[in-house]
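Visitor:
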Amino acid sequence: MENINLLRRAKRLLRLYGFSPKKRLGQHFVVNSDILQRLVSCASLTEDDVVLEVGAGLGFLTQLLSSKCKKVVAVEVDSKIVKILKAQLPDMPNVDLIEGDALKVSLPPFNKVVSAPPYSISSPLLFRLLERKFDWAVLILQKEFAERLAASVGSKDYGRLTVTIYYRADVELLDYVPRTMFYPPPNVDSMMVLLKPRDAPFHVEDEVTFFEVVRILFT
Numbered sequence: 035m036e037n038i039n040l041l042r043r044a045k046r047l048l049r050l051y052g053f054s055p056k057k058r059l060g061q062h063f064v065v066n067s068d069i070l071q072r073l074v075s076c077a078s079l080t081e082d083d084v085v086l087e088v089g090a091g092l093g094f095l096t097q098l099l100s101s102k103c104k105k106v107v108a109v110e111v112d113s114k115i116v117k118i119l120k121a122q123l124p125d126m127p128n129v130d131l132i133e134g135d136a137l138k139v140s141l142p143p144f145n146k147v148v149s150a151p152p153y154s155i156s157s158p159l160l161f162r163l164l165e166r167k168f169d170w171a172v173l174i175l176q177k178e179f180a181e182r183l184a185a186s187v188g189s190k191d192y193g194r195l196t197v198t199i200y201y202r203a204d205v206e207l208l209d210y211v212p213r214t215m216f217y218p219p220p221n222v223d224s225m226m227v228l229l230k231p232r233d234a235p236f237h238v239e240d241e242v243t244f245f246e247v248v249r250i251l252f253t
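Going by the numbering used here, the sequence shown opens with residue 35, and the numbers climb by one from there.
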């Protein structure tokens, strides 16, 4: 899966199906095999894992995942992309392709998340994921957003998002992902991020009140 071949495959598939990526859906497809391999490697997959992928795109990551784990739950909101995926993944019985909005559809059980989700849903997606039980997630997120997730107390990036996520999970920045790794390239760079859910580091009697106070403090 060489990088030049992935880019050619992406362009060929888009031409073949007469598809133009939609900016409003954040459709920027990872076309660098080293990045995809790194994403999968960091997830430490086993043959018993059930992996959630949000925004399956052209199926390049989906194909890699399917060869490494028990099952892939691939969610894709765009019906035209789903058509492409069905044509690309006919011989992968361990891929469960779900057409729908990842923020709304019913998700089956999974224990890991490996994904390059659309930037526009990053925040609500993380909050939805952290309502579920899973081992860890390896994600490609917008660089600025990722730095806010992992910000230190007192830094310029420290804010409401940092506190809210810290209450539920540990965050580690893994790798810088330049915009040139995508097709079409977005206007921003990205980061590969490891997210590990854990118990809250401190006791909160009323979580609703706690998060409201956090919101007020950082408004």
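C-beta atoms are modelled at their ideal positions from N, C-alpha and C, and glycine is treated no differently. This one's a predicted model, so the numbers in the text were calculated from it and none came from an experiment.
Scan the stretch 164 to 217 and note each continuous alpha helix (DSSP H) run of 4 residues or more that stays entirely inside, going in chain order.
Guide: Counting whole runs of 4 or more residues, the stretch 164 to 217 contains the alpha helix (DSSP H) stretches 177 to 183 and 194 to 200.
Visitor: Does Leu-70 come out as helix, strand or coil in the three-state DSSP assignment?
Guide: In this structure, Leu-70 counts as helix in the three-state DSSP scheme.
Visitor: What are the boundary residues of the alpha helix (DSSP H) that Ile-155 is part of?
Guide: Looking at the DSSP string, Ile-155 is not in any alpha helix (DSSP H), and its letter there is neither H nor E.
Visitor: What first and last residue would you give for the alpha helix (DSSP H) that runs through Glu-241?
Guide: Element bounds for Glu-241: 241 to 251.
Visitor: Assign Arg-182 to one of two classes, buried (16 or more other C-beta atoms within 10 Å of its C-beta) or exposed (fewer than that).
Guide: Result: buried.
Visitor: Do you know offhand how far Leu-70's Cα is from Leu-95's?
Guide: The alpha-carbon atoms of Leu-70 and Leu-95 are separated by roughly 6 Å.
Visitor: For Ala-255, which of helix, strand or coil comes out of DSSP?
Guide: The structure shown has nothing for residue 255, since the chain only spans 35 to 253.
Visitor: For my contact list, Val-84 and Phe-144 are in at a C-beta cut-off of 8 Å; report their separation, rounded to the angstrom.
Guide: Contact holds; Cβ gap of about 5 Å.
Visitor: In angstroms with no decimal places, state the Cα-to-Cα distance between Val-107 and Val-64.
Guide: Whole-angstrom Cα-Cα distance: 18 Å.
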